[in-house]
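Position in the sequence shown counted from 1, then plus 184, gives you this note's numbering.
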Amino acid sequence: MLKGKTILIGVSSSIAIFKACELVSQLRQRGATVYVLMTQNATKLIAPLTFHALSGNPVIVDLFEPKENSIQHVTLADRADALVIAPATANVIAKLANGIADDALSTTALACRAPLIIAPAMETKMWEHPATQRNIQVLRERGAIVVEPEEGWLASGKVGKGRLASIDKIISTIERVLERKRDLLGWKVLVTAGATREPIDAVRFISNPSSGKMGVAIAEVAKERGAEVLLVAGHIEVSPPENVKFEKTRTAEEMIEAVLRHVDWFEVLVSAAAIADFRPKQVAEGKIRRSETRGLTLELEPTPDLLATVRDRRPDAFLVGFAAEIGEPTRGALEKLKRKGLDLIVANDVTQPDSGFGVDTNRCVFISADGSVEQLPLLSKREVAERLWDKIKEMRGKF
Ligand SMILES: Cc1cc2nc3c(=O)[nH]c(=O)nc-3n(C[C@H](O)[C@H](O)[C@H](O)COP(=O)(O)O)c2cc1C
Numbered sequence: 185m186l187k188g189k190t191i192l193i194g195v196s197s198s199i200a201i202f203k204a205c206e207l208v209s210q211l212r213q214r215g216a217t218v219y220v221l222m223t224q225n226a227t228k229l230i231a232p233l234t235f236h237a238l239s240g241n242p243v244i245v246d247l248f249e250p251k252e253n254s255i256q257h258v259t260l261a262d263r264a265d266a267l268v269i270a271p272a273t274a275n276v277i278a279k280l281a282n283g284i285a286d287d288a289l290s291t292t293a294l295a296c297r298a299p300l301i302i303a304p305a306m307e308t309k310m311w312e313h314p315a316t317q318r319n320i321q322v323l324r325e326r327g328a329i330v331v332e333p334e335e336g337w338l339a340s341g342k343v344g345k346g347r348l349a350s351i352d353k354i355i356s357t358i359e360r361v362l363e364r365k366r367d368l369l370g371w372k373v374l375v376t377a378g379a380t381r382e383p384i385d386a387v388r389f390i391s392n393p394s395s396g397k398m399g400v401a402i403a404e405v406a407k408e409r410g411a412e413v414l415l416v417a418g419h420i421e422v423s424p425p426e427n428v429k430f431e432k433t434r435t436a437e438e439m440i441e442a443v444l445r446h447v448d449w450f451e452v453l454v455s456a457a458a459i460a461d462f463r464p465k466q467v468a469e470g471k472i473r474r475s476e477t478r479g480l481t482l483e484l485e486p487t488p489d490l491l492a493t494v495r496d497r498r499p500d501a502f503l504v505g506f507a508a509e510i511g512e513p514t515r516g517a518l519e520k521l522k523r524k525g526l527d528l529i530v531a532n533d534v535t536q537p538d539s540g541f542g543v544d545t546n547r548c549v550f551i552s553a554d555g556s557v558e559q560l561p562l563l564s565k566r567e568v569a570e571r572l573w574d575k576i577k578e579m580r581g582k583f
């Protein structure tokens, strides 16, 4: 898979730099064309000649060094299939998060539109510092893939989180990104997203804060990975992805009807929409006027249950639900999974400020029908979508 790909490796001045030698060598052995960009500080730890020898290509350190191609950072950025920064210092991460372009590596990163993979390595306190965590979050929100550092022995002699991820893990992440993957080719997928709106009268409704970002990311990633995708959305605050079939609905009932119209078509249904569980039993005609009403009591009735209805009609389909929970999310979600006959449920605690409604990140747990639980770190909603499709693919592969 790496054969014929051009991979830029950005190397900064972490003590884990010696592992980058192995990374470059492995990538080259697997057929990739590798160019190494080093920060000036990195050259104080390892000589550029080492990477030159290992990659078989000149190493770029100084933007202003006279050479034939004086805008090599742009040429390389355009040619790259991926830019991998390993090891990434706290400093480089901060620069990328803020768009600083003051050396060859950071300037190339800014000019590059290929997928960005960052493998941080640093002392635990540097990694856990709110500034670093914020910068990592900014980069994730922009779509960068972060290969989380591992716990273990650090150069300071302490043990903690901050060790560069294993070379195997970095390479498998590169492969996953490059596979970019048409691995869902031929899949027929229906995704629901956004909030439903249940009318009270002609101008008012009951709804919830769902922005549709999670569902839209799931549809977008499935499309990119080759699936045929139908997105059925309620109210969403983001644009639907291009090239995805799109049906707009308003109420829970409309959304369920839209899904049932296609019930024999899809193989996988991911219901990320926040569908109202209750709706006003009666919808007032026109507008309820304050002057004509002294107080208002709404009688609510349950809406039809989308996932349970689909399960009745399609015992063979792969069904994924979402559970927005308050507090510890696993128990309530597992109960929902069983009650609705789901294959997989994605649970999150929506009371966390960086997770759930409206924000660009999510902190999720995958719970499978066999009871296995996988806790994900804080990730961008796109990265959650990638992981979700990996999980669905893995689980469907077992059938
Ligand atoms: C021996 C040595 C090891 C270092 N290891 C790390 C490290 O693992 N992670 C990190 O973020 N900074 C580390 N630093 C600090 C960075 O080198 C320093 O912040 C530097 O300014 C970063 O420059 P650069 O990002 O341009 O390479 C180390 C410094 C020294 C002297």
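We put the CB at the ideal spot given by N, CA and C, even for glycine. Remember, predicted model here, so these are calculated numbers, not experimental data.
Asked	Found
Specify whether the segment 391-405 and the segment 446-463 touch according to this definition: at least 3 beta carbon pairs, one from each stretch, less than 8 Å apart.	yes
Rounded to whole angstroms, how far is the Cβ of Asp-367 from the Cβ of Arg-409, which I believe are closer than 8 Å?	6 Å
Whose C-alpha, out of Val-258, Ala-377 and Ser-455, is nearest the C-alpha of Asp-287?	Val-258
Comparing alpha-carbon positions, which option in Arg-326, Glu-307, Ile-351 and Gly-511 lies nearest Val-343?	Glu-307
Among residues of its own chain, excluding the 5 on either side of Lys-279, which ones have a beta-carbon nearer than 6 Å to its beta-carbon?	Ser-290
So, does the segment 376-389 touch the segment 215-224, judging by three or more C-beta pairs under 8 Å?	no
Which runs of the alpha helix (DSSP H) spanning at least 4 residues fall entirely within the segment 234-290, listed in chain order?	256-263 and 274-281
Starting from the Cα of Thr-190, find the closest Cα among His-236, Lys-372 and Ala-266 and give me that residue.	Ala-266
Let me check understanding here. Comparing Cα to Cα, which of Asp-527, Glu-476, Leu-484 and Thr-481 lies closest to Leu-453?	Asp-527
Alpha carbon to alpha carbon, how far is Thr-510 from Ser-356?	The question names Thr, but residue 510 is Ile in the sequence shown. When rounded, the distance between both Cα atoms is 35 Å.
Please report the distance separating the alpha-carbon of Arg-324 from that of Glu-421.	20 Å
Indicate whether Ala-417 and Trp-371 have their beta-carbon atoms separated by less than 8 Å.	no
Under the three-state reduction of DSSP, which class applies to Met-222: helix, strand or coil?	strand
In terms of residue numbering, what span does the alpha helix (DSSP H) encompassing Cys-205 cover?	201-213
Would a C-beta distance cut-off of 8 Å place Ala-270 and Ala-377 closer than the cut-off?	no
In chain order, what residues of the same chain lie with their CB nearer than 8 Å to the CB of Ile-384, ignoring the 5 residues before and after it?	Ile-390, Pro-464, Val-467, Ala-468, Ile-472 and Leu-482
Taking only runs that begin and end inside the segment 312-361, name each unbroken alpha helix (DSSP H) of 4 or more residues, in chain order.	314-325
Below 8 Å CB to CB, which residues in the same chain sit around Arg-347 once its five sequence neighbours on both sides are set aside?	Ala-200, Ala-305, Pro-333, Glu-334, Glu-335, Gly-336, Trp-337 and Leu-338
Hey, would you say the C-beta of Val-454 is under 7 Å away from at least one heavy atom of ligand 1?	no
Hey, Thr-514 and Val-557 are a contact pair by Cβ (cut 8 Å); roughly how many whole angstroms apart?	6 Å
Tell me, to the nearest whole angstrom, how far the beta carbon of Val-330 is from that of Ile-302; I am working on the premise that it is less than 8 Å.	5 Å
Is Lys-309 helix, strand or coil when you go by DSSP?	helix
Locate the alpha helix (DSSP H) running through Ile-440, then write down its first and last residues.	436-445
By Cβ distance below 7 Å, which residues in the same chain neighbour Ala-508 in space, the five residues on each side in sequence not counted?	Ala-458, Asn-532, Val-534 and Gly-540
Please list the terminal residues of the continuous alpha helix (DSSP H) segment that includes Thr-493.	490-497
In angstroms, rounded to a whole number, what distance separates the CA positions of Arg-263 and Ser-196?	21 Å
Quick one: does the C-beta of Thr-292 sit closer than 7 Å to a heavy atom of ligand 1?	no
I need the straight-line Cα distance from Ala-272 to Thr-223, nearest angstrom please.	10 Å
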